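Read the structure below first, then the notes.
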Amino acid sequence: MIGKAIAAIRRFWNTPTWKDHARAHGLLPVMDIGWERLYAVNAGGRVYCSEGDFQDLHEETDPWRLHMVLSQAALLYPEIDGLAPVRTASDSDCDRCGGTGQWPGSRRLCYCGGTGWLPAGVHPDLHGRTGAEPALGERAWIANPDPPPQ
Numbered sequence: 067m068i069g070k071a072i073a074a075i076r077r078f079w080n081t082p083t084w085k086d087h088a089r090a091h092g093l094l095p096v097m098d099i100g101w102e103r104l105y106a107v108n109a110g111g112r113v114y115c116s117e118g119d120f121q122d123l124h125e126e127t128d129p130w131r132l133h134m135v136l137s138q139a140a141l142l143y144p145e146i147d148g149l150a151p152v153r154t155a156s157d158s159d160c161d162r163c164g165g166t167g168q169w170p171g172s173r174r175l176c177y178c179g180g181t182g183w184l185p186a187g188v189h190p191d192l193h194g195r196t197g198a199e200p201a202l203g204e205r206a207w208i209a210n211p212d213p214p215p216q
């Protein structure tokens with residue numbers, strides 16, 4: 067029985083992760099959102115999304131998700147110039163975090179991608195999120211570090 071368990075663990079650890087699949091497509095893994103959507107960028111700053119092993123890869127076009135993913139990509143890959151979103155005069159502070167970039171009272175990444183602001187015309191409620199707490203499928207974690215403790 068122990069031998070079967072060890073064999074199962076070895077198979078699990080040898081299974082490619084979503085990060086490995088992203089890299090196989092020449093992309094840099096950035097984050098997952100609620101284990102449902104996986105995001106990666108190329109060196110030119112284009113954001114790609116998949117709901118699995120990057121076989122269904124498509125370019126992300128949603129302005130809110132682009133802002134969130136590029137914000138995190140800039141932190142993960144500082145050697146790549148031009149990834150970070152640039153705030154303009156028409157952009158506004160994030161009303162969810164009050165400009166801190168973190169979900170109030172926790173270490174969770176806010177809807178603004180950690181920037182403390184959102185591009186003009188972009189608001190999380192426009193994406194079906196109206197509650198005080200993120201929906202389970204929309205909790206965003208940076209993919210590389212361990213999630214913060216609950």
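Going by the working numbering, the first residue of the sequence shown is number 67, and it counts up by one from there.
Each residue gets a CB set at the ideal place from its N, CA and C atoms; glycine is no exception.
Remember, it's a predicted structure, so these values are computed and weren't measured experimentally.
Buried or exposed: A139, going by 16 or more other Cβ atoms within 10 Å of its Cβ? On the sequence shown, residue 139 is found 73 positions in, with the first residue counted as 1. Buried.
Name the DSSP beta bridge partners of S158, please? To locate residue 158, count along the sequence shown from 1; it is residue 92. According to DSSP, S158 bridges with L184.
D157 beta carbon less than 8 Å from that of W183: Against the sequence shown, residue 183 aligns to sequence position 117. Against the sequence shown, residue 157 aligns to sequence position 91. Yes, the Cβ-Cβ distance between W183 and D157 is below 8 Å.
Identity of the residue in W84, G187, M134 nearest Q121 by Cα: By 1-based counting over the sequence shown, the position of residue 121 is 55. Per the Cα distances, W84.
Alpha-carbon to alpha-carbon, H133 and A186: Sequence index remark: in the sequence shown, residue 186 carries index 120 (1-based). Sequence index remark: in the sequence shown, residue 133 carries index 67 (1-based). In a straight line, the C-alpha of A186 is about 11 Å away from that of H133.
By DSSP, does G194 sit in helix, in strand, or in coil? Here residue 194 is taken as the residue at index 128 of the sequence shown, counted from 1. The predicted position of G194 is uncertain, since its pLDDT is 37 and thus under 50; no value can be drawn from it.
Those residues which DSSP pairs with L104 across a bridge: Against the sequence shown, residue 104 aligns to sequence position 38. Bridge partners of L104: D98, S116.
Looking at the unbroken alpha helix (DSSP H) that takes in V152, where does it start and where does it end? As a position in the sequence shown, residue 152 is number 86, starting the count at 1. Neither: V152 is in no alpha helix (DSSP H) and is coded neither H nor E.
Shortest alpha-carbon distance to G110 belongs to which of Y143, R174, S172? Residue numbering aside, residue 110 sits at position 44 when the sequence shown is read from its first letter. Minimum Cα distance to G110 is reached at Y143.
State yes or no: is the C-beta of C163 within less than 8 Å of the C-beta of P170? Locating residue 163 in the sequence shown gives position 97, counting from the first residue. Locating residue 170 in the sequence shown gives position 104, counting from the first residue. The answer is yes: Cβ separation under 8 Å.
Let me confirm a value: H124 is counted as buried when at least 16 other C-beta atoms fall within 10 Å, else exposed. Which label applies? Against the sequence shown, residue 124 aligns to sequence position 58. It counts as exposed.
For G138, which three-state DSSP category applies? Counted from its first residue, the sequence shown places residue 138 at position 72. According to the sequence displayed, residue 138 carries Gln and not Gly. Here Q138 sits in helix by DSSP.
For L94 and H87, the rounded distance between their alpha carbons: Within the sequence shown, numbered from 1, the residue matching residue 87 stands at position 21. Within the sequence shown, numbered from 1, the residue matching residue 94 stands at position 28. Those two C-alpha atoms are separated by around 10 Å.
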